Structures are given as C-alpha cells and as structure tokens.
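J.:
Residue numbers (this note's numbering): 3 to 135.
(1) When the distance is taken between beta carbons, is residue 13 closer than 8 Å to residue 171?
(2) Who are the Cβ neighbours of residue 1 in its own chain at under 6 Å, not counting the five residues just before and after it?
(3) Is the shortest distance between the beta-carbon of residue 26 and the beta-carbons of chain B less than 8 Å?
(4) Looking at the structure shown, is residue 81 part of a helix, part of a strand, or coil, going by DSSP?
(5) Where are the alpha helix (DSSP H) runs, 4 residues long or more, that stay fully inside the segment 48-121, in chain order?
(6) In or out: residue 118 buried (at least 16 other Cβ within 10 Å) or exposed?
(7) What are the boundary residues of the beta strand (DSSP E) that includes residue 21?
(8) Just curious, the alpha helix (DSSP H) that residue 35 is in, first and last residue?
(9) Indicate the three-state DSSP secondary structure (helix, strand or coil) for residue 27 in the structure shown.
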C-alpha cells in the first residue's frame, strides 16, 4: 500500500489535546518513515505559531521548506507527538527538506528521549544533524 503523505510533509490535522477532551485543527509535520506511512497511519509533530525559547521547541526557518513556507513564523513542539490515521488529515500544506527532518529527529532524540538534554547549544541555521551534540 502506498501512502498519501510522506515524511517531511506538513499537513492540516485535527490535533488532539493531551487529555483527549477536544482537538484543534492545526498544522503538523509528518516525522514517520515510509514503513509506517504505508500503513495509513502517520506519526505527527505539532506546529504552532507561538514562539518558545526552549529546548522543547524548534523554529522552522524559511530555508527548511522544500515547498512554500507557512504564512506565519512557525515552531515545532518537540514534545507534542501523536499517531493519526489518514482519515483525520485534511490536506497537505507544504513540506520540509530532508536535512531539516533529520535535524528534527536528532533534536527530538537529544531533547526529549535522551537524559542528557542539558547541553542544547545548536544553531538552527546550520541544520546539520552531525553537528548536534
């Protein structure tokens, strides 16, 4: 089964609140690979226009897009991740380049998964996952 959407696509989705009481339509980044996406389910990371100066947030710089940039300056909420079926995804908005999605994966691991999250000196404009400590 081929997938409608791909890793790096930015889509409109009804993103659930963490208590599952409601959802809000917002953009999200598909971070899952083709193996997952071919199932019709996608792993998504929330995008917000709210600026946060935190290791839990990552700005999407204009040079990260491989499609048209989003209308508002946007940030990824690295800790707001969920799995969704393509039936609740409304449409594709844009996409980011492979280098940026690799950088997102490295930041997700370093800042959310790893216990060594205290050393977070990185430059978003460099977007090279090999430079991430």
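Glycine included, C-beta positions come from ideal geometry on N, C-alpha and C.
Quick caveat: nothing in here was measured; it's all calculated off a predicted structure.
T.: The relevant details are as follows:
(1) It is not possible to answer for residue 171, since the shown part of the chain is limited to 3 through 135.
(2) Residue 1 falls outside the range modelled here, since the chain spans only 3 to 135, and no answer is possible.
(3) Absent here is chain B; the protein component of the structure consists of one chain.
(4) strand
(5) 100-110
(6) exposed
(7) Premise fails: residue 21 is in no beta strand (DSSP E) and is neither H nor E.
(8) Element bounds for residue 35: n/a, residue is neither H nor E.
(9) strand
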